[in-house]
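Q:
Protein chains: 2
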Amino acid sequence: MKQASIRQRTLGITFSKGEATACLWAPQLEKAELLLHSQQAVLPLEKDKWGYWRTTSKKIAPGERYSWRLNGERERPDPASLSQPEGPHQPSQALDPASWRWSDRSWQNLPLEDYIFYELHTGTFTPEGTFAGIIQKLDYLKELGITAIELMPVAQFPGERNWGYDGVYPFAVQNSYGGARGLQQLVDACHQRGLAVVLDVVYNHMGPEGNYLNEFGPYFTDKYNTPWGKALNFDDAWCDGVRRYFIENALMWFRDFHIDALRLDAVHAIKDFSPTHFLRELKQQVNELMQETGRPYYLIAEVDLNDTRFIDPLEKGGYGLDAQWIDEFHHALRVSAGQEPTGYYADFAGIEHLAKAYQDAYVYDGQYSPHRHKFFGTRAEQQPGRQFVVFSQNHDQVGNRMLGERSSQLYPFEMQKLLAGAVLVSPYLPMLFMGEEWAETNPFLYFVSHTDAELAEAVRKGRRAEFAHFHAQGEAPDPQAETTFEQSRLQWQLQQQEPHQTMLRWYKALLEQRKKQPALRQLNRRQLEVSHNQKRQTLQL
Amino acid sequence: MKQASIRQRTLGITFSKGEATACLWAPQLEKAELLLHSQQAVLPLEKDKWGYWRTTSKKIAPGERYSWRLNGERERPDPASLSQPEGPHQPSQALDPASWRWSDRSWQNLPLEDYIFYELHTGTFTPEGTFAGIIQKLDYLKELGITAIELMPVAQFPGERNWGYDGVYPFAVQNSYGGARGLQQLVDACHQRGLAVVLDVVYNHMGPEGNYLNEFGPYFTDKYNTPWGKALNFDDAWCDGVRRYFIENALMWFRDFHIDALRLDAVHAIKDFSPTHFLRELKQQVNELMQETGRPYYLIAEVDLNDTRFIDPLEKGGYGLDAQWIDEFHHALRVSAGQEPTGYYADFAGIEHLAKAYQDAYVYDGQYSPHRHKFFGTRAEQQPGRQFVVFSQNHDQVGNRMLGERSSQLYPFEMQKLLAGAVLVSPYLPMLFMGEEWAETNPFLYFVSHTDAELAEAVRKGRRAEFAHFHAQGEAPDPQAETTFEQSRLQWQLQQQEPHQTMLRWYKALLEQRKKQPALRQLNRRQLEVSHNQKRQTLQL
Chain A
19 MKQASIRQRT
29 LGITFSKGEA
39 TACLWAPQLE
49 KAELLLHSQQ
59 AVLPLEKDKW
69 GYWRTTSKKI
79 APGERYSWRL
89 NGERERPDPA
99 SLSQPEGPHQ
109 PSQALDPASW
119 RWSDRSWQNL
129 PLEDYIFYEL
139 HTGTFTPEGT
149 FAGIIQKLDY
159 LKELGITAIE
169 LMPVAQFPGE
179 RNWGYDGVYP
189 FAVQNSYGGA
199 RGLQQLVDAC
209 HQRGLAVVLD
219 VVYNHMGPEG
229 NYLNEFGPYF
239 TDKYNTPWGK
249 ALNFDDAWCD
259 GVRRYFIENA
269 LMWFRDFHID
279 ALRLDAVHAI
289 KDFSPTHFLR
299 ELKQQVNELM
309 QETGRPYYLI
319 AEVDLNDTRF
329 IDPLEKGGYG
339 LDAQWIDEFH
349 HALRVSAGQE
359 PTGYYADFAG
369 IEHLAKAYQD
379 AYVYDGQYSP
389 HRHKFFGTRA
399 EQQPGRQFVV
409 FSQNHDQVGN
419 RMLGERSSQL
429 YPFEMQKLLA
439 GAVLVSPYLP
449 MLFMGEEWAE
459 TNPFLYFVSH
469 TDAELAEAVR
479 KGRRAEFAHF
489 HAQGEAPDPQ
499 AETTFEQSRL
509 QWQLQQQEPH
519 QTMLRWYKAL
529 LEQRKKQPAL
539 RQLNRRQLEV
549 SHNQKRQTLQ
559 L
Chain B
19 MKQASIRQRT
29 LGITFSKGEA
39 TACLWAPQLE
49 KAELLLHSQQ
59 AVLPLEKDKW
69 GYWRTTSKKI
79 APGERYSWRL
89 NGERERPDPA
99 SLSQPEGPHQ
109 PSQALDPASW
119 RWSDRSWQNL
129 PLEDYIFYEL
139 HTGTFTPEGT
149 FAGIIQKLDY
159 LKELGITAIE
169 LMPVAQFPGE
179 RNWGYDGVYP
189 FAVQNSYGGA
199 RGLQQLVDAC
209 HQRGLAVVLD
219 VVYNHMGPEG
229 NYLNEFGPYF
239 TDKYNTPWGK
249 ALNFDDAWCD
259 GVRRYFIENA
269 LMWFRDFHID
279 ALRLDAVHAI
289 KDFSPTHFLR
299 ELKQQVNELM
309 QETGRPYYLI
319 AEVDLNDTRF
329 IDPLEKGGYG
339 LDAQWIDEFH
349 HALRVSAGQE
359 PTGYYADFAG
369 IEHLAKAYQD
379 AYVYDGQYSP
389 HRHKFFGTRA
399 EQQPGRQFVV
409 FSQNHDQVGN
419 RMLGERSSQL
429 YPFEMQKLLA
439 GAVLVSPYLP
449 MLFMGEEWAE
459 TNPFLYFVSH
469 TDAELAEAVR
479 KGRRAEFAHF
489 HAQGEAPDPQ
499 AETTFEQSRL
509 QWQLQQQEPH
519 QTMLRWYKAL
529 LEQRKKQPAL
539 RQLNRRQLEV
549 SHNQKRQTLQ
559 L
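Chains as they are written, first to last, in my numbering: chain A, 19 to 559; chain B, 19 to 559.
(1) Using 8 Å as the limit for Cβ to Cβ distance, is B:K479 near chain A?
(2) Under a CB-based cut-off of 8 Å, is B:P103 close to chain A?
(3) Cutting at 8 Å between CB atoms, please list the residues of its own chain near B:H413, excluding the five before and the five after it.
(4) Grab the span of the beta strand (DSSP E) containing B:P188 for me, first residue to last.
(5) Which residue wins for smallest C-alpha separation from B:F234, given the options B:W246, B:P245 and B:V260?
(6) Measuring CA to CA, which of A:A499, A:D325 and A:R424 is closest to A:T459?
(7) Using only the alpha-carbon positions, how far apart do B:D96 and A:Q540 sit?
(8) Can you find a C-beta in chain B that's less than 8 Å from the C-beta of A:C257?
(9) Quick check on A:L29: does DSSP put it in helix, strand or coil?
(10) Could you tell me whether the Cβ of A:Y242 comes closer than 8 Å to any Cβ of chain B?
(11) Quick check: the stretch 426 to 446 of chain B against the stretch 479 to 486 of chain B, are at least 3 beta-carbon pairs closer than 8 Å?
(12) Given the structure, does B:G30 come close to the ligand NAD, in the sense that its CB is under 7 Å from one of the ligand's heavy atoms?
(13) Given B:G105, which residues of its chain have a CB within under 8 Å of its CB, disregarding the five upstream and five downstream residues?
(14) Thinking A:S121 and A:Q210 are a contact (beta carbons under 8 Å), I'd like their distance in whole angstroms, please.
(15) With a cut-off of 8 Å, does the C-beta of B:K392 fall near any C-beta of chain A?
(16) Between which residues of its own chain and A:G552 is the CB-CB distance below 7 Å, once the five residues before and five after are set aside?
(17) Under 8 Å between beta-carbons, which chain B residues line up against A:R327? List them in chain order, please.
(18) Quick check on the burial criterion: 16 or more other C-beta atoms within 10 angstroms. Buried or exposed for B:D240?
(19) Can you give the Cα-Cα distance for B:E320 and B:Q342, rounded to whole angstroms?
(20) Taking only beta-carbon atoms, is B:T622 less than 8 Å away from chain A?
(21) For a minimum of 3 consecutive residues, which ranges assigned as the beta strand (DSSP E) are wholly contained in the stretch 164 to 239 of chain A?
(22) Do B:P236 and B:A207 have their C-beta atoms within less than 8 Å of each other?
(23) From A:L29 to A:D322, what distance separates their C-alpha atoms?
(24) For the candidate residues B:S110, B:R92 and B:N89, whose alpha-carbon lies nearest to that of B:G81?
(25) Under the three-state reduction of DSSP, which class applies to A:A319: helix, strand or coil?
(26) Listed in chain order, which residues of the stretch 467 to 499 of chain A have Cβ atoms closer than 8 Å to some Cβ of chain B?
(27) Would A:Q535 and A:S549 qualify as a contact pair, given that the criterion is a beta-carbon distance under 8 Å?
(28) Classify A:D278: buried if its beta carbon has 16 or more other beta carbons within 10 angstroms, exposed otherwise.
(29) For the stretch 262 to 271 of chain B and the stretch 303 to 317 of chain B, state whether three or more C-beta atom pairs, one from each stretch, are separated by less than 8 Å.
(30) Is B:G422 close to chain A? Criterion is C-beta to C-beta, closer than 8 Å.
(31) Establish whether the CB of A:T28 and some CB of chain B are separated by less than 8 Å.
(32) Which residues, in chain order, does the stretch 335 to 354 of chain A contribute to contact with chain C at a C-beta distance below 8 Å?
(33) Check whether chain B comes within 8 Å of A:T501, counting only Cβ atoms and requiring the distance to be less than that.
(34) Taking any Cβ of chain A, which residues in the stretch 294 to 319 of chain B have a Cβ under 7 Å from it, in chain order?
(35) With burial defined as no fewer than 16 other Cβ atoms inside 10 Å of the residue's Cβ, what is the status of A:S444: buried or exposed?
(36) Pull up the CB-CB distance for A:S354 and A:R179, whole angstroms please, since I reckon it's below 8 Å.
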């Protein structure tokens, strides 16, 4: 029970040899049943000693709508549902991911060194706001020169407008994006063009609407508090069921959706004091899957702790993750470009910190951080450049501004070019945020489409309160308004106009150089010399 | 600022070269002053960038009563006070621990292998309930055959009756026990007799009464919850000041009080996700002090995580603690002796688990624990026997029973002898609990003497509620009643009576054999063979 199977998903409904197995983890329930909606059938389930309820049946076919009935009372969708065709509150739909016929046999994942990420939000990337829409842009992206698309989270959320971090069904692909099939099609199409696919997954919290997990079992613990309330339970009583839930999830993306890398959201909020940290167990399981399939898969963490334990190899006692984001490069770069040193930027001194980021990855690797009010960080001397992802913008750094301005709205044209260059000559893995390559002028705002009116109002108020001290700039746009979402869409027609055409040529040229010049492909920081001149605001690599 | 000085305490009032330095950590105060009560003087203090307020003066002599005045308003005792002659709510008293003239020059700490612990509670060990009282019993203890006394916590608590875990001045020795001087005298007397001294210290919480820490600075964080509420702040903003506070404390006991080992209370409740865990930093600092003084000091943890990271060496990424308690040995032993498998005993199966404890130290080293509802523990193959402390009773296991019964009240005489033998032939460090060697018949009850009436009532109610399901056995004794404390005192006169005389002879004989027989002194578990017979309830080493 402890180990998730690497060969197949076991949670939810799975198909094998002409029959279906239904499996639900709900260790503290007295009774659980499976409701098949089209047949109006009720299947009884039996619980094993670990709290997994199971039945096997030939009655369940892919496409069947189903729910669990808990203690003979409430009907709930499946926490491990692969499809929520009518959103988070309605029945789940059985789905067999193995029925997709892959055309990517010849695809080989890229070496991590060759990743050039392009972060995109499915809903606002194209007019369609779907995976199918993305497919139409793949030739463009290939020509641009990036090597991997990174999808912001696609787990089912309420409504049709969300960044993705409010997902409540980690196994179900957002219905309005095109669902599981749409994602498989997208990945297949990427691989056919030689593009890798990175998926952003959220294992540190659940969204505020449509989260029924508490009714199934102790998914949360009050041992730890997080910005989202009680922490997901990775080390308290019953934690094995929760750990398995997320490990099965990660394995599914690699195995059944051919995802090449996972971007693990804010792993510092995965609170786990077990002897084996959840992330380490995850890496061990992914290693086994790699053995089995013969394909490499990468785990990339968003983490703000400047602690190499996350990316240290398993044999050195680390969690073994392949790479991590470094926001500090971004902060130092922004301050060098003129960003006012307020908020978390207060810790950054501009060009000298940018030089440090080029040289040492972590800017704070043991110094006192005035913003954090503590000594902060460890040295990252042993870690090669391919373990760090850098960027001059991303969804968070843009969207967490009240008005969601991209660099195009904040910096002169030449400075924008410099920012692009700073990222693309770095000895790290570069990442672009969709549209920056043509200096998109639309903002990327914070938007939601909660169906719970009270929650929507709370989010609206929260957003206004957060930015209350910026009142001189007006009021924070309403996250719930459809216009806020529409304003955040990319304007592809800008590519035909100046100065956007020029910017796009600049990015293409930089990306080409990045791939062509051995000095730029080389991510060995030991062979890098960095010098800077504070007075003249110059930096030499 | 980050590193505590290993050479001297810096917090509170310290004396050097004819003058005194007063130092207070209070990073968020606007103003802090030092009040000297006998002189009715007010000394202004200056704050450095780390939040330490300081002044140097010739006005302050040892013995001076003083307080801090915070923001010109409240007067508070010193969180780093060495003496609270009138308890936790009244002014502190300056004290120079270096003025004690030690007579233990020739004392050399014992090898850890040779430790045989005798846990005692100063207040109930003797009729006097003081350190001076203990000194009168040292010859007896030496003759008994133990090699180290382990004092339950002595940090200042409210009133005169407390186990010690409600201490609120980690640097101040309980006034009613004899204060700092009394403790120095006791340690000196122990060392003159060749006995080591272990001190129980509490770095995981503060007592509920007389804790003014919050008024000084962010000593607590709401990132983590503990059984005592908010956790002490070891990794949140401003944590460096808190870490230093406790590290200075540990160093003080070794350096200024010649303590030989610290027993660190419930370290699993020290919540710290920093790159360098507080315990690891503590060990590094103690190592430096050992370099400086040329004396060995030990750190022994109470920890219930079955995770070797606490006792793994620093160079293997562990926290480097010298040893840890293993309650599981106790639980397995008790169930083997007939204890009903309820509560946390439910995880233990008797003789086969006792055999496992002898062989593997941790009974749960990866198996599913029904009581904890999760897979639990790591293997402890690499750890030598000297890293584990075992016992058949201790203050917790006795005192956390509603009626505080010792083994003498629970098991037949012959079984008590067997329990003693089981501990003393183990390949681990044995510990006795005061009085068990003569089968003391008095209980060791839970007692407090809070001066806050509401709190006393809350504790009383809490205790009754905790044991509500034992109502058949009567009501839980009132922790606040002086009689509860008096009933818990040892009855030394029993030593002259049977069957107590016989038991005492038995313990002495066992202890003598333990020290004499090479096979029993050898703590190498690789040379140990354990076999057991479930049916016949026998176990062979």
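From the three backbone atoms N, C-alpha and C, an ideal C-beta is built for every residue, glycine too.
A: Taking the geometry as given:
(1) What you label residue 479 of chain B is simply residue 461 of the second sequence in a count that begins at 1. By this cut-off, B:K479 is not an interface position.
(2) By 1-based counting over the second sequence, the position of residue 103 of chain B is 85. By this cut-off, B:P103 is not an interface position.
(3) Taking the second sequence and counting its residues from 1, one reaches residue 413 of chain B at position 395. For B:H413, where only same-chain residues beyond five positions count, the Cβ hits under 8 Å are E137, H139, M170, W181, F451 and F462.
(4) As a first step, residue 188 of chain B is located in the second sequence; it is residue number 170 there, counting from the start. Annotation for B:P188: the continuous beta strand (DSSP E) segment containing it runs Y187 to V191.
(5) Reading the second sequence from its first residue, position 216 is the one you call residue 234 of chain B. The candidate whose alpha carbon is nearest that of B:F234 is B:V260.
(6) If you number the first sequence from 1, residue 459 of chain A lands on position 441. Comparing Cα-Cα distances from A:T459 to each of A:A499, A:D325 and A:R424, the minimum goes to A:R424.
(7) On the second sequence, residue 96 of chain B is found 78 positions in, with the first residue counted as 1. On the first sequence, residue 540 of chain A is found 522 positions in, with the first residue counted as 1. When rounded, the distance between both Cα atoms is 57 Å.
(8) On the first sequence, position 239 is the one that residue 257 of chain A refers to. Answer yes: the Cβ-Cβ gap between A:C257 and chain B drops below 8 Å somewhere.
(9) The count along the first sequence starts at 1 and reaches residue 29 of chain A at position 11. The answer is coil: DSSP assigns A:L29 none of H, G, I, E or B.
(10) Taking the first residue of the first sequence as position 1, residue 242 of chain A is located at position 224. With 8 Å as the cut-off, A:Y242 counts as an interface residue toward chain B.
(11) no
(12) Ligands displayed in this structure: none; no statement on the ligand NAD is therefore possible.
(13) Counting from one through the second sequence, the residue named residue 105 of chain B turns up at place 87. Closer than 8 Å at Cβ, skipping near neighbours: Q174, P176, G177, N193, G228 and T469.
(14) If you number the first sequence from 1, residue 121 of chain A lands on position 103. If you number the first sequence from 1, residue 210 of chain A lands on position 192. The pair is a contact, with the Cβ atoms about 6 Å apart (cut-off 8 Å).
(15) Here residue 392 of chain B corresponds to residue number 374 of the second sequence, with the count starting at 1. Interface residue, yes.
(16) For this step, residue 552 of chain A is matched to residue 534 along the first sequence. As written in the sequence, residue 552 of chain A is Gln, which differs from the Gly given in the question. Once the five neighbours on either side are set aside, the close Cβ partners of A:Q552 are I369 and E370.
(17) Counting from one through the first sequence, the residue named residue 327 of chain A turns up at place 309. By Cβ distance, chain B contributes P293.
(18) To locate residue 240 of chain B, count along the second sequence from 1; it is residue 222. Exposed: under 16 other Cβ atoms inside 10 Å.
(19) Stepping through the second sequence from its first residue, residue 320 of chain B is reached at position 302. Stepping through the second sequence from its first residue, residue 342 of chain B is reached at position 324. Those two C-alpha atoms are separated by around 6 Å.
(20) Here chain B covers residues 19 to 559 and nothing more, so residue 622 of chain B does not appear.
(21) 166 to 169, 187 to 191 and 214 to 219
(22) Taking the first residue of the second sequence as 1, we reach residue 236 of chain B at position 218. Taking the first residue of the second sequence as 1, we reach residue 207 of chain B at position 189. No. Outside cutoff.
(23) Taking the first sequence and counting its residues from 1, one reaches residue 29 of chain A at position 11. Taking the first sequence and counting its residues from 1, one reaches residue 322 of chain A at position 304. Each residue's Cα considered, the two are about 32 Å apart.
(24) Position 63 of the second sequence, counting from 1, holds the residue named residue 81 of chain B. Ranked by Cα distance from B:G81, the options B:S110, B:R92 and B:N89 are led by B:S110.
(25) If you number the first sequence from 1, residue 319 of chain A lands on position 301. Three-state result, A:A319: strand.
(26) none
(27) Sequence index remark: in the first sequence, residue 535 of chain A carries index 517 (1-based). Sequence index remark: in the first sequence, residue 549 of chain A carries index 531 (1-based). With respect to A:S549, A:Q535 sits apart: the two C-beta atoms are not nearer than 8 Å.
(28) The residue given as residue 278 of chain A occupies position 260 in the first sequence. Residue burial is scored here from C-beta neighbours: A:D278 has at least 16 other C-beta atoms within 10 angstroms and is therefore classed as buried.
(29) yes
(30) One-based indexing of the second sequence puts residue 422 of chain B at position 404. With 8 Å as the cut-off, B:G422 does not count as an interface residue toward chain A.
(31) On the first sequence, residue 28 of chain A is found 10 positions in, with the first residue counted as 1. Not closer than 8 Å to any Cβ of chain B, the Cβ of A:T28 fails to qualify, so no.
(32) Of the chains in the structure shown, none is chain C; the protein chains are A and B.
(33) Here residue 501 of chain A corresponds to residue number 483 of the first sequence, with the count starting at 1. No - not a single Cβ of chain B is within 8 Å of the one on A:T501.
(34) none
(35) Working through the first sequence from its first residue, we reach residue 444 of chain A at position 426. Answer is buried; the Cβ neighbour count reaches 16.
(36) Within the first sequence, residue 354 of chain A is the residue found at index 336, counting from 1. Within the first sequence, residue 179 of chain A is the residue found at index 161, counting from 1. The Cβ separation is near 34 Å, so there is no contact.
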